[in-house]
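Input: a single structure, listed below in structure tokens.
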Amino acid sequence: MKFERYGIGIVKGLMVTIMHLLRHPTVSQYPEQRLNTSRRIRGNEFIWDQVKCTGCGTCTKACPQGAIEIVTSTSQEENKYTVDKYQIDTGYCIQCGLCVEACPYEALYLGYAYECAKYQRGELVQTKEMMLESPLRKASGYFSPKRAAKLPKQTLLLERITEKK
Ligand code: SF4
Ligand code: SF4
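Every position in the sequence shown, counted from 1, becomes a number in the numbering used here once 4 is added.
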């Protein structure tokens with residue numbers, strides 16, 4: 005009776021332990037090794053499209069942290085806003101992605117980087133010049149299924165660890 009009550013539980017527990025012993029290790033030697041990140045990662049860098057951005061300010065209103073600052077002027081000739089200043093203080097940002105989701109013109113994306121620690125507080129501010137897309141600063145597929153479909157498939161498996169060069 006006692007074996008039925010407790011013995012089976014012990015055997016089940018041991019089975020779990022043995023299975024974990026036989027599993028491939030999932031610890032990487034960071035920072036020499038690092039796991040590939042999700043293609044929909046919400047990293048702590050932003051990619052801003054100066055062509056698509058209309059200066060509507062929707063992202064600013066959506067940000068719960070008040071991290072986005074935008075200054076626009078009106079262009080009478082072209083009958084549209086000119087974005088004079090657009091910057092995000094990542095010191096306040098919590099990577100919620102609401103600004104990206106709120107943008108009606110797909111002009112704002114989150115990037116891949118997650119190691120953006122700085123020595124100076126002021127260096128956490130990303131200006132519009134810094135936020136332009138480049139080969140070193142690619143937008144992730146977060147909240148953009150079309151973009152995500154074109155990115156390499158994500159994996160968190162250890163055998164896909166990329167060695168730091
Ligand atoms: S990700 Fe969230 S906290 Fe960061 S700037 Fe966008 S809305 Fe604000
Ligand atoms: S919501 Fe989009 S288009 Fe509007 S100001 Fe922000 S980034 Fe520009």
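Heads up, the beta-carbon is just placed ideally off N, CA and C, and yes, glycines get one too.
For residue 100, tell me which candidate among 73, 114 and 119 has the shortest Cα-Cα distance.
Counted from its first residue, the sequence shown places residue 100 at position 96. Selected option, being the one with the closest Cα: 114.
Short of 8 Å in beta carbon distance, which residues of its chain neighbour residue 96, apart from the five on each side in sequence? Order them along the chain.
Counted from its first residue, the sequence shown places residue 96 at position 92. Result list for residue 96: 69, 70 and 71, in chain order.
With burial defined as no fewer than 16 other Cβ atoms inside 10 Å of the residue's Cβ, what is the status of residue 78: buried or exposed?
Within the sequence shown, residue 78 is the residue found at index 74, counting from 1. With fewer than 16 other Cβ atoms inside 10 Å of its own Cβ, residue 78 counts as exposed.
Does the beta-carbon distance from residue 45 to residue 138 come in below 7 Å?
Sequence index remark: in the sequence shown, residue 45 carries index 41 (1-based). Sequence index remark: in the sequence shown, residue 138 carries index 134 (1-based). Contact: no.
Beta strand (DSSP E) runs wholly inside the segment 103-135, at least 3 long, in chain order
112-114 and 129-131
DSSP-derived helix/strand/coil call for residue 151
As a position in the sequence shown, residue 151 is number 147, starting the count at 1. Of the three classes helix, strand and coil, the one that applies to residue 151 here is helix, per DSSP.
For residue 16, which three-state DSSP category applies?
On the sequence shown, position 12 is the one that residue 16 refers to. Helix, per DSSP.
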